[in-house]
Amino acid sequence: MTQPSPSSTETRVALVTGGTSGIGLAIAERLTRDGLRVAVLDLDRPQARVVAAERGLAFIGADLARREDCRRAVEETVVALGGLDVLVNNAGFQHIDPVRDFPEDTWDTMLHVMLTAPFLLSKYAWAHLTRSGQGRIINVASIHGHVASPFKSAYVSAKHGLIGLTRTAALEAGEQGLTVNAICPGYVRTPLVEGQIADQARTRGLSPQEVEQKVMLEPAAIKRLLDPQDVAALASYVASPAAWGMTGAVLDLDLGWTAR
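Residue numbers for the sequence shown follow the working numbering, beginning at 145 and rising by one.
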């Protein structure tokens with residue numbers, strides 16, 4: 145079957161959650177360079193609005209821990225940009241706590257932001273994403289969607305669940321030309337990871353470089369942190385018409401972590 149392609153006058157629209165910093169911002173900027181109109185979703189803070197405005201991105205202020213904000217985010221994107229063709233579920237955060245001491249409210253928030261919200265956004269966007277016959281859902285999971293690390297119970301649980309959601313949604317969407325895929329990066333040099341490196345250097349008595357090599361990258365074949373642009377380059381391909389035959393895929397960008 146010949147796959148539909150956008151008309152010469154039609155510009156595809158993307159919504160990227162967590163899109164004003166780190167991986168999300170890199171993906172938003174790359175999709176913009178690819179010719180898409182892009183909205184970025186983040187907590188409604190002045191700095192997030194500034195980042196979006198400086199880059200010509202539509203800004204959607206929302207709290208993904210709130211069901212009604214998930215619905216509103218889709219509606220506002222469609223109103224602002226005229227449709228929705230690509231949904232990138234990227235927003236997330238980490239919280240370090242052992243299982244026995246994990247705060248229940250933090251668990252609830254992390255699972256909602258990183259697992260329930262991708263489900264709800266996909267649900268609310270479904271009719272728009274399937275309209276063109278070439279819609280895309282890209283879930284930014286993690287190598288922790290495959291493997292576990294101590295003190296990350298909610299994060300690891302959410303990322304494992306996100307892979308399951310990806311595969312299930314892909315099976316349901318196939319006949320409508322909507323592809324659903326997950327990207328699983330290893331450690332990426334983002335502000336969040338830089339903060340973790342500094343914390344571990346302080347608590348372990350190591351230099352930041354030693355934390356990278358001896359702690360974070362110890363299981364990896366390539367001893368180098370990824371850059372956000374590396375993840376964005378893969379997302380660019382998955383979002384493109386050329387990737388029409390890829391769905392239900394879990395794409396590891398993990399420096400060889402799972403090759404063992």
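Note that beta-carbon positions come from the ideal geometry of N, C-alpha and C, so glycine has one too.
Check	Outcome
Beta carbon of V232 nearer than 8 Å to that of A158	yes
Residue closest to F257, alpha-carbon to alpha-carbon, out of Q278, R210, E173	Position check: residue 257 holds Val in this sequence, whereas Phe was assumed. Cα-wise, what sits closest to V257 is R210.
Rounded C-alpha distance that separates P294 from I307	20 Å
Cβ-Cβ distance between A172 and C214 below 8 Å	no
When D188, T334, L169 are compared against V182, the one with the closest alpha-carbon	L169
Helix, strand or coil at P329 according to DSSP, with G and I counted as helix	strand
Which listed residue (G227, L255, D249) has its alpha carbon closest to that of A235	L255
N325 versus E354, V332, G339, A285, residue with shortest Cα-Cα distance	A285
Three-state class that DSSP yields for V257 in the structure shown	helix
Three-way DSSP call (helix, strand, coil) for G205 in this model	strand
Between the CA atoms of E356 and W401 - distance to the nearest angstrom	14 Å
Rounded distance between the beta-carbons of L228 and G205, thought under 8 Å	The Cβ separation is near 17 Å, so there is no contact.
Selection from T274, S351, L225, A376 that minimises the alpha carbon distance to E316	T274
DSSP bridge partner residues for N283 (one or two, in chain order)	N233, A326
For T164, the three-state DSSP class (helix, strand or coil)	coil
Top-ranked residue by Cα proximity to L397, from A387, V382, P385, D374	D374
Cβ neighbour criterion (16 or more within 10 Å) applied to P190	exposed
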